[in-house]
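S.K.:
Residue numbers (the working numbering): 71 to 213.
(1) Given this structure, state the Cα-to-Cα distance separating residue 142 from residue 200, to the nearest angstrom.
(2) For my contact list, residue 178 and residue 207 are in at a C-beta cut-off of 8 Å; report their separation, rounded to the angstrom.
(3) Just the Cα atoms here: how many angstroms apart are residue 173 and residue 180?
(4) Based on DSSP bridge pairs, tell me the residues matched to residue 198.
(5) So for residue 168, helix, strand or coil by DSSP?
(6) Which class does residue 152 belong to by DSSP, given the choice of helix, strand or coil?
(7) With three or more beta-carbon pairs closer than 8 Å as the criterion, would you say the region 86-100 touches the region 158-168?
(8) Would you mind giving the Cβ-Cβ distance between residue 123 and residue 203, rounded to the nearest angstrom? I have them listed as a contact below 8 Å.
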């Protein structure tokens with residue numbers, strides 16, 4: 071048997087436990103909204119980096135890549151980026167972003183791409199994505 075005092079406490083608890091308050095709801099909505107905006111701003115940056123990486127892979131997988139000069143690799147990569155809508159890498163700045171280096175393994179080269187992509191988030195707060203990827207080019211014959 072329950073006493074009258076116990077029954078009174080449980081009824082009082084039931085009245086207090088009715089769910090989230092309006093202020094709590096606003097805070098949850100603000101957090102969800104904030105992360106939605108951040109996600110919407112980040113998505114294009116990650117898509118851009120995926121397109122840059124895919125372009126590097128496409129050029130590195132060319133059957134004649136080992137016979138191409140650095141200038142020819144730049145040319146093929148720029149063509150690939152035109153198709154994939156990567157417009158921040160141009161003929162004027164590709165040498166700053168992409169380095170073709172000799173690998174330690176004899177005859178191989180490395181294609182090394184570095185860049186930063188910056189987009190405004192709120193006011194003077196920016197989102198920065200740093201891209202630093204290297205892909206191996208098979209054995210090289212000639213220059």
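C-beta atoms are modelled at their ideal positions from N, C-alpha and C, and glycine is treated no differently.
M.R.: Put simply:
(1) Rounded to the nearest angstrom, the two C-alpha atoms are 26 Å apart.
(2) About 7 Å separates the two Cβ atoms, so the contact holds.
(3) Rounded to the nearest whole angstrom, the CA to CA distance from residue 173 to residue 180 is 6 Å.
(4) Answer by DSSP bridge pairing, in chain order: 188.
(5) Here residue 168 carries a strand assignment [DSSP, helix/strand/coil].
(6) If DSSP states are grouped into helix, strand and coil, residue 152 belongs with the helices.
(7) Because the criterion of three Cβ pairs below 8 Å is not met, the region 86-100 and the region 158-168 do not touch.
(8) About 6 Å; that satisfies the 8 Å criterion.
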